[in-house]
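Protein chains in written order, with my numbering: chain A, 53 to 350; chain B, 53 to 350; chain C, 53 to 350; chain D, 53 to 350. Using N, Cα and C, we set each Cβ at its ideal position, and we do this for glycine too. What you are looking at is a predicted structure, and each value in this text was computed from that prediction instead of being measured. Data first, discussion second: the structure below is written as structure tokens.
Number of protein chains: 4
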Amino acid sequence: MKLGMIGLGKMGFNLALNLLRLGHEVVVSDIHPEKGAELARHGALSASSIEDLVNKLERPRIIWLMVPAGVVESVTETLAGLLEAEDIIIEGGNSHYQQSIARAEKLQKLGIHFLDTGTSGGTEGAEHGACLMIGGNREVFTSVEPLFRDLAVDQGYLYAGESGSGHFLKMIHNGIEYGMMQSIAEGFELLEKSSFDFNYEDVARLWSNGSVIRGWLMELTQSAFSKDPKLAGIRGVMQSSGEGKWTVQTALDLQASTPVIALSLLMRYRSLEEDTFHGKVVAALRNEFGGHAVVKED
Amino acid sequence: MKLGMIGLGKMGFNLALNLLRLGHEVVVSDIHPEKGAELARHGALSASSIEDLVNKLERPRIIWLMVPAGVVESVTETLAGLLEAEDIIIEGGNSHYQQSIARAEKLQKLGIHFLDTGTSGGTEGAEHGACLMIGGNREVFTSVEPLFRDLAVDQGYLYAGESGSGHFLKMIHNGIEYGMMQSIAEGFELLEKSSFDFNYEDVARLWSNGSVIRGWLMELTQSAFSKDPKLAGIRGVMQSSGEGKWTVQTALDLQASTPVIALSLLMRYRSLEEDTFHGKVVAALRNEFGGHAVVKED
Amino acid sequence: MKLGMIGLGKMGFNLALNLLRLGHEVVVSDIHPEKGAELARHGALSASSIEDLVNKLERPRIIWLMVPAGVVESVTETLAGLLEAEDIIIEGGNSHYQQSIARAEKLQKLGIHFLDTGTSGGTEGAEHGACLMIGGNREVFTSVEPLFRDLAVDQGYLYAGESGSGHFLKMIHNGIEYGMMQSIAEGFELLEKSSFDFNYEDVARLWSNGSVIRGWLMELTQSAFSKDPKLAGIRGVMQSSGEGKWTVQTALDLQASTPVIALSLLMRYRSLEEDTFHGKVVAALRNEFGGHAVVKED
Amino acid sequence: MKLGMIGLGKMGFNLALNLLRLGHEVVVSDIHPEKGAELARHGALSASSIEDLVNKLERPRIIWLMVPAGVVESVTETLAGLLEAEDIIIEGGNSHYQQSIARAEKLQKLGIHFLDTGTSGGTEGAEHGACLMIGGNREVFTSVEPLFRDLAVDQGYLYAGESGSGHFLKMIHNGIEYGMMQSIAEGFELLEKSSFDFNYEDVARLWSNGSVIRGWLMELTQSAFSKDPKLAGIRGVMQSSGEGKWTVQTALDLQASTPVIALSLLMRYRSLEEDTFHGKVVAALRNEFGGHAVVKED
Numbered sequence: 053m054k055l056g057m058i059g060l061g062k063m064g065f066n067l068a069l070n071l072l073r074l075g076h077e078v079v080v081s082d083i084h085p086e087k088g089a090e091l092a093r094h095g096a097l098s099a100s101s102i103e104d105l106v107n108k109l110e111r112p113r114i115i116w117l118m119v120p121a122g123v124v125e126s127v128t129e130t131l132a133g134l135l136e137a138e139d140i141i142i143e144g145g146n147s148h149y150q151q152s153i154a155r156a157e158k159l160q161k162l163g164i165h166f167l168d169t170g171t172s173g174g175t176e177g178a179e180h181g182a183c184l185m186i187g188g189n190r191e192v193f194t195s196v197e198p199l200f201r202d203l204a205v206d207q208g209y210l211y212a213g214e215s216g217s218g219h220f221l222k223m224i225h226n227g228i229e230y231g232m233m234q235s236i237a238e239g240f241e242l243l244e245k246s247s248f249d250f251n252y253e254d255v256a257r258l259w260s261n262g263s264v265i266r267g268w269l270m271e272l273t274q275s276a277f278s279k280d281p282k283l284a285g286i287r288g289v290m291q292s293s294g295e296g297k298w299t300v301q302t303a304l305d306l307q308a309s310t311p312v313i314a315l316s317l318l319m320r321y322r323s324l325e326e327d328t329f330h331g332k333v334v335a336a337l338r339n340e341f342g343g344h345a346v347v348k349e350d
Numbered sequence: 053m054k055l056g057m058i059g060l061g062k063m064g065f066n067l068a069l070n071l072l073r074l075g076h077e078v079v080v081s082d083i084h085p086e087k088g089a090e091l092a093r094h095g096a097l098s099a100s101s102i103e104d105l106v107n108k109l110e111r112p113r114i115i116w117l118m119v120p121a122g123v124v125e126s127v128t129e130t131l132a133g134l135l136e137a138e139d140i141i142i143e144g145g146n147s148h149y150q151q152s153i154a155r156a157e158k159l160q161k162l163g164i165h166f167l168d169t170g171t172s173g174g175t176e177g178a179e180h181g182a183c184l185m186i187g188g189n190r191e192v193f194t195s196v197e198p199l200f201r202d203l204a205v206d207q208g209y210l211y212a213g214e215s216g217s218g219h220f221l222k223m224i225h226n227g228i229e230y231g232m233m234q235s236i237a238e239g240f241e242l243l244e245k246s247s248f249d250f251n252y253e254d255v256a257r258l259w260s261n262g263s264v265i266r267g268w269l270m271e272l273t274q275s276a277f278s279k280d281p282k283l284a285g286i287r288g289v290m291q292s293s294g295e296g297k298w299t300v301q302t303a304l305d306l307q308a309s310t311p312v313i314a315l316s317l318l319m320r321y322r323s324l325e326e327d328t329f330h331g332k333v334v335a336a337l338r339n340e341f342g343g344h345a346v347v348k349e350d
Numbered sequence: 053m054k055l056g057m058i059g060l061g062k063m064g065f066n067l068a069l070n071l072l073r074l075g076h077e078v079v080v081s082d083i084h085p086e087k088g089a090e091l092a093r094h095g096a097l098s099a100s101s102i103e104d105l106v107n108k109l110e111r112p113r114i115i116w117l118m119v120p121a122g123v124v125e126s127v128t129e130t131l132a133g134l135l136e137a138e139d140i141i142i143e144g145g146n147s148h149y150q151q152s153i154a155r156a157e158k159l160q161k162l163g164i165h166f167l168d169t170g171t172s173g174g175t176e177g178a179e180h181g182a183c184l185m186i187g188g189n190r191e192v193f194t195s196v197e198p199l200f201r202d203l204a205v206d207q208g209y210l211y212a213g214e215s216g217s218g219h220f221l222k223m224i225h226n227g228i229e230y231g232m233m234q235s236i237a238e239g240f241e242l243l244e245k246s247s248f249d250f251n252y253e254d255v256a257r258l259w260s261n262g263s264v265i266r267g268w269l270m271e272l273t274q275s276a277f278s279k280d281p282k283l284a285g286i287r288g289v290m291q292s293s294g295e296g297k298w299t300v301q302t303a304l305d306l307q308a309s310t311p312v313i314a315l316s317l318l319m320r321y322r323s324l325e326e327d328t329f330h331g332k333v334v335a336a337l338r339n340e341f342g343g344h345a346v347v348k349e350d
Numbered sequence: 053m054k055l056g057m058i059g060l061g062k063m064g065f066n067l068a069l070n071l072l073r074l075g076h077e078v079v080v081s082d083i084h085p086e087k088g089a090e091l092a093r094h095g096a097l098s099a100s101s102i103e104d105l106v107n108k109l110e111r112p113r114i115i116w117l118m119v120p121a122g123v124v125e126s127v128t129e130t131l132a133g134l135l136e137a138e139d140i141i142i143e144g145g146n147s148h149y150q151q152s153i154a155r156a157e158k159l160q161k162l163g164i165h166f167l168d169t170g171t172s173g174g175t176e177g178a179e180h181g182a183c184l185m186i187g188g189n190r191e192v193f194t195s196v197e198p199l200f201r202d203l204a205v206d207q208g209y210l211y212a213g214e215s216g217s218g219h220f221l222k223m224i225h226n227g228i229e230y231g232m233m234q235s236i237a238e239g240f241e242l243l244e245k246s247s248f249d250f251n252y253e254d255v256a257r258l259w260s261n262g263s264v265i266r267g268w269l270m271e272l273t274q275s276a277f278s279k280d281p282k283l284a285g286i287r288g289v290m291q292s293s294g295e296g297k298w299t300v301q302t303a304l305d306l307q308a309s310t311p312v313i314a315l316s317l318l319m320r321y322r323s324l325e326e327d328t329f330h331g332k333v334v335a336a337l338r339n340e341f342g343g344h345a346v347v348k349e350d
């Protein structure tokens, strides 16, 4: 099929490369033109702008957005002014599902179709086979299904349902991911604090083979320890990019008791600070009622 | 190799069967003699008692224990009175690692070797390839390594270190498992409470293919939903068999902050009750200070 | 002073009564006119409508809103159309602080002043002395300070700062309250599950006298147990009215790790369900990998 | 009454002083003899050793132990060799209730009585009126009740039940205290992270007067902020002395879901570390699958 790919970061670049290999025609565009030039060497048609990209496609156009969450809105608005009825936007980024629902409704008034598409599998998946969760109109989905089939690993794509369901699934996927990562991490913390002398790469390799907790995250754990046996070179600062927070906010709205996902997020926040104000208050209170010693600031 | 297998429950039976298929000589014993008889049809030598089993082996004897946690102590005591120096006990159950350390020390005084061996992979793993974590003397481990190599999947066994380290690793493995299961479960609870209409088997299959959270637990989730699409036939009572509790107790002793594993366990306890006393207290307090309505008992 | 009181529920009625006793002139209004009639017997001037109430006050008018959170917006809008420059609205309900900031800004354009006023102390406090947290313009606060001084217990009111700070403080107060109530409740659950045979009213009275954890909530705990020694008559369903959720949402926005307040809220949500979907998933998974028995639905 | 007081630290010294003021005869002993000498100036009879203290009392002797948890066992053993039938030991420290049960049983065989006595109220309570929770034989309790009545605030002592119940109540009291302190502390952390500019001493004073969350801990919060408005001089290191851990261990044994008390403890453990191993693992995993940047160690 022929399609446009807007956004050639780690994910978009690899998805485009993958599509080219599989024989699709891909018109590409990025704010960094050298990305498009590089893909042109792999057979892509490089567009100089979004308008140029739109012009290089035939109706009904198919455009895959893989841009940072912060610019999805502006790019979508630009596209809304350029596209025509029956054109299709596949939004592959990590947008909030409620925004995707709103975008789909807005575009639908112009006759433009919108498929919210959660993408998992990391940069490796983008290149070698991803996991895709697609929401929107089923007929529209079917019309571009060959793209999803080619980009995903076997059984790795799903028409999830109405608009928003694709990004909702991706959000929940990430919430689960937060919990699973924290679970694994707590386990290794216990190994580290124990009096035994484990080789963590060996343990992660072992648990990747035949155990109940085997899976890709454990394989990645092995990979990480293979590069730095005690992770001595990095700090335990756990950044987050939004989906975990959205998951917990959604849990609050749905009155769902999800303590493990919530705590996984809160421990990330905790890791951003070397010291806490709540700790100071508790330490001060212990001193007040029991005369317990406090640790003074230097 | 030739060895004895004591305990022919789901795990022990399958391990013995697996060993027989691979050409080992296995003397078997269980309190239910029909289990031994069944394995005899697959080539095992069935012993009428532990003493008989010991007598049917040559020195240095190798005996694999796969009995319920509650009887490990008594069976080990019995064996201590029958075995001789250089004999080897492989304890494959879910014993507390501190008990394993104590047992190893006690047996060592008699010259009997003891390998604490955590076993993961479920009943399927016992039959088709398990994950084994072994603690104890390295030379003793090496002398029986062919057994571990044959029973485990490729790269699925590890000499973990000194006595206790095998069962310690298994305990932590199970702690991680608690957290990962609760993470997955919370994710599906959010799907269930959402206004979307997901097919959970499809979602679990999708996430088993190409996603970051793919792994055996997700595949089992798919399997469970394939049998009962909404799990309508079962109650959400989450039993536990001890290792999760041990993990949290160990975290307390090591002063390790492991909120996700701890909450996974506490939610299991919560699930054992239809109503809680703490809930009554909070409800009563809200009524006291704000006049908020309470839900009356029928 | 002379003021209007709109909303004569449990809180507004008692505040008005208290003001009347202290010699203030109070014009009252409620959608249930009998409330106004009852207060008229205590000296209030009962208004037949909001418009009537506004007309019965002299400029600069002082109007205290004590209406349910759901109607604050509409009543405020009505007042915006009736009041004049320099009039003052004291909003004493549990509104979200960001809404209060927005309302203050909107009214300021009309020259109308707005003091967001968090009220604590329960219905008892409304009658005998409350705790008041006030945000908005300091001069406006000062102009009506006598009202706050009269309604509050000694040292029980505070000019908290700019618009929104009053309701922010009240929100955080309630978040702390959630955590403290859950703490007390968990303690009594442990007493209940222990093998000892405690008299909970005696324990709560004891802890109300001289202990580190003494305070009003412990006194209310005693009061609750004095009426029902084991709380046998009520179910442990823990409703919530919003401020706890807002606190956790705020914590997420501020990237603050507040596990105890978060869990207090999540346990309330958990209490609304007799069974959980996450519990079903975990139970099903245990069955899948280990053959562990599940509890069947009836 | 006449009694011996062993252990003249912050708590024991003040209790003895308080008893002397109220007209009791107190024989005192401490490993630091100057403590006894100081109390002698207030009318105490200072003993040179435990044996001397025992000899200075008449049968049936009453001896109050107020020694550090680590030496209760040895002092009790010493007393067991010196005391006679019908003598009474009041153990006022923070011992684990199961140890108190064991001690009571052991001493009972010698005819010596043992009252496990939890003491709350801090050093201030020891001097001006404490909260006492007493377990053991009811007749023995009654025989020394005047001491408890004099040392406690009004209604501030309770015969809790059989042996161990006093220290059990104290343990749970401290578990609740952990949760309440963490609740308050999280609230102030949210104030600190907000964009408002609160005066924390003012807020704590406000909440100490008329609010739902008023109580001694809030008063102590005010006191702490009065000395250091932002607690800039201390670090948020939250030490713990055992009872919180015991409470959580007890919750695990009783299969009680007590997330708030558990998390209060785990956050204390977290505060002992500037960085965590679990944080490193999560950061490394994010880098592995998504190429997310990590924070390097210096």
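Would you identify the three-state DSSP class for MET185 of chain C, choosing helix, strand or coil?
Assignment of MET185 of chain C by DSSP, reduced to helix, strand and coil, places it in the strand class.
Using the beta-carbon of each residue, which ones in chain A are nearer than 7 Å to ARG257 of chain D?
Per Cβ cutoff of 7 Å: no residues; ARG257 of chain D is ~14 Å from chain A at best.
What are the residues in the segment 236-266 of chain D lying within 7 Å of chain A by C-beta distance?
Result list: ILE236, ALA237, GLU238, PHE240, GLU241, GLU244.
Give a yes or no on whether 9 Å exceeds the smallest Cβ distance from LYS332 of chain B to chain D.
No, no contact with chain D.
Alpha carbons only, please: which of D:TRP116, D:ILE83, D:MET118 is nearest the one belonging to PRO101 of chain D?
A small fix is needed here, since residue 101 of chain D is Ser in this sequence, not Pro. When each option's Cα is compared against that of SER101 of chain D, the closest is D:ILE83.
Between the alpha carbons of ASP168 of chain A and ALA204 of chain A, how many angstroms are there, rounded?
Linking ASP168 of chain A to ALA204 of chain A through their CA atoms gives a straight-line distance of about 16 Å.
For LYS297 of chain B, which residues in chain D fall below 7 Å Cβ to Cβ?
Those are LEU304, listed as they occur along chain D.
Close-in-space but distant-in-sequence residues of the same chain around LYS87 of chain C (CB under 7 Å, 5 per side omitted):
Apart from the 5 residues on each side of it in sequence, LYS87 of chain C sits with its Cβ closer than 7 Å to the Cβ of LEU60, PHE65 in its chain, given in chain order.
Which bits of chain B does VAL205 of chain A rub up against, with CB to CB less than 7 Å?
In chain order: ASN261, GLY262.
Going along chain B, which residues have a C-beta under 8 Å from HIS225 of chain A?
For the C-beta of HIS225 of chain A, the chain B residues within less than 8 Å are, from N- to C-terminus, GLY239, TRP259, SER263, VAL264, ILE265.
Could you tell me whether the Cβ of TYR230 of chain D comes closer than 9 Å to any Cβ of chain C?
Yes - at least one Cβ of chain C is within 9 Å of the one on TYR230 of chain D.
For HIS219 of chain D, which beta-bridge partners are listed by DSSP?
Paired residue(s): none; HIS219 of chain D is not in a bridge.
With 16 other CB atoms within 10 Å as the buried threshold, where does SER126 of chain C fall?
By the 10 Å Cβ count, SER126 of chain C comes out exposed.
Does DSSP classify SER150 of chain A as helix, strand or coil?
Looking at the sequence itself, residue 150 of chain A is Gln, so the reference to Ser does not match. Three-state DSSP puts GLN150 of chain A in a helix.
Just the C-alpha distance for SER215 of chain B and PHE248 of chain A, rounded to the nearest angstrom, thanks.
Approximately 10 Å, taken between the alpha carbons.
Buried/exposed call for ASN107 of chain C, threshold 16 Cβ in 10 Å:
ASN107 of chain C comes out exposed.
Using a threshold of 9 Å, state whether the C-beta atoms of LEU283 of chain B and GLU340 of chain C are closer than that.
Going by beta carbons, LEU283 of chain B and GLU340 of chain C fall outside the 9 Å limit.
Proximity to PHE240 of chain C [Cα-Cα], best of D:GLU238, D:GLU229, D:SER246, D:PHE250:
Of D:GLU238, D:GLU229, D:SER246, D:PHE250, the residue nearest in Cα terms is D:GLU229.
Quick one: is ILE142 of chain D near chain C, going by C-beta distance under 9 Å?
Not an interface residue.
Three CB pairs or more closer than 8 Å across the segment 165-185 of chain A and the segment 205-212 of chain A
The answer is yes - the segment 205-212 of chain A touches the segment 165-185 of chain A, with three or more Cβ pairs under 8 Å.
How would you write the range of the beta strand (DSSP E) that ASP168 of chain B sits in, first residue to last?
First-last of the beta strand (DSSP E) with ASP168 of chain B: 165-172.
Assuming contact is defined by CB atoms lying nearer than 9 Å, are VAL333 of chain D and MET232 of chain A in contact in what I supplied?
For the 9 Å CB-CB criterion, VAL333 of chain D and MET232 of chain A do not form a contact.
I'd like the list of long-range same chain contacts for LEU72 of chain A, defined as Cβ closer than 8 Å, with 5 residues on each side in sequence excluded.
Closer than 8 Å at Cβ, skipping near neighbours: VAL78, LEU91, HIS94, GLY95, ALA96.
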